[in-house]
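> Here's a structure for you.
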Amino acid sequence: MRFWLNYQLLLKCLATPAVLILILAFLLTGQNPPRSTAAQVTLRYMGTAAWEITDGNTIILIDPYLSRLYGPQPPGRPPFPRAPEDKRPQYGWTDLAVPDTAVIDSHIKRADFILVTHTHYDHVLDIPHIATKTGAAVIGTESTENAMRAY
């Protein structure tokens, strides 16, 4: 896995149009942005906070969390309602959460960059598997770097 530490400019780009993120990705890879104004940028919402942005060449994932763990509510709250067809494992407070690699692999085939806005589990849990599988560079804060280093 490759990653950059504390790229605050990259995180600020998350609030700008997707085209700026793609241009930044081209700069990081040493490629030139397409000259044609006809190049189409596609955004795909993947649930929770996850987005895939691509121009057909470069794929950028933002907070790709697809595992959707079924875990406990905070103390004092009732359990989440659960549909009978929901076959996800039940996680408790002391259980080690693991990504659902089958779900991840069915939705993500490749990625060049993974941008992490912050390091809550529902933004970062699936990233080590995705980055290892695709060779994508992970871009985030120091806590993201620490999580990636732990894997």
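Numbering (our numbering), first residue to last: 71 to 221.
By construction, the Cβ of each residue, glycine as well, lies at the ideal position given by its N, Cα and C atoms.
#1: Can you say whether Cys83 is buried or exposed, counting buried as having 16 or more other CB atoms within 10 angstroms of its CB?
#2: Quick check on Ala223: does DSSP put it in helix, strand or coil?
#3: Verify whether the separation of the beta carbon atoms of Tyr140 and Tyr161 is less than 9 Å.
#4: How is Arg114 classed by DSSP in three states: helix, strand or coil?
#5: By DSSP, does Tyr191 sit in helix, in strand, or in coil?
#6: Ala120 lies in the beta strand (DSSP E); which residues open and close that run?
#7: Considering only C-alpha positions, which residue in the set Val208, Ile184, Pro149 and Ala153 is nearest to Ile123?
#8: Note the first and the last residue of the continuous beta strand (DSSP E) segment covering Tyr130.
#9: Taking its Cβ as the centre, do 16 or more other Cβ atoms sit within 10 Å of His190, making it buried, or is it exposed?
#10: Beta strand (DSSP E) containing Ile178: first to last residue?
#11: So which of Pro198, Leu195, Glu215 and Asp182 has the shortest CA-CA distance to Asn127?
#12: Note down, in chain order, each residue of its chain lying with its Cβ closer than 6 Å to the Cβ of Tyr221, except the 5 sequence neighbours on either side.
So, from the data block:
#1: What you label residue 83 is simply residue 13 of the sequence shown in a count that begins at 1. Reliability of the predicted coordinates at Cys83 is poor, the pLDDT of 47 falling under 50, and no value is obtained from them.
#2: There is simply no residue 223 to check, as the chain begins at 71 and stops at 221 in what is shown.
#3: Sequence index remark: in the sequence shown, residue 140 carries index 70 (1-based). Sequence index remark: in the sequence shown, residue 161 carries index 91 (1-based). Yes; because the gap between Cβ atoms is below 9 Å, this pair is in contact.
#4: The residue you call residue 114 lines up with position 44 of the sequence shown. Annotated three-state conformation of Arg114 is strand, per DSSP.
#5: To locate residue 191, count along the sequence shown from 1; it is residue 121. In this structure, DSSP gives Tyr191 a helical state, which the three-state scheme calls helix.
#6: In the sequence shown, counting from the first residue as 1, residue 120 sits at position 50. Per DSSP, the unbroken beta strand (DSSP E) holding Ala120 starts and ends at Ala120 to Thr124.
#7: Residue numbering aside, residue 123 sits at position 53 when the sequence shown is read from its first letter. For Ile123, the nearest C-alpha among the options comes from Ile184.
#8: Taking the first residue of the sequence shown as position 1, residue 130 is located at position 60. It should be pointed out that residue 130 corresponds to Ile in this sequence rather than to Tyr. From DSSP, the beta strand (DSSP E) with Ile130 extends over Ile129 to Ile132.
#9: In the sequence shown, the residue the question calls residue 190 occupies position 120. The C-beta of His190 has fewer than 16 other C-beta atoms within 10 Å across all chains shown, which makes the residue exposed.
#10: On the sequence shown, position 108 is the one that residue 178 refers to. Unbroken run through Ile178: none, as it is neither H nor E.
#11: Stepping through the sequence shown from its first residue, residue 127 is reached at position 57. When each option's Cα is compared against that of Asn127, the closest is Asp182.
#12: Indexing the sequence shown from 1 puts residue 221 at position 151. Here the set comprises Pro198.
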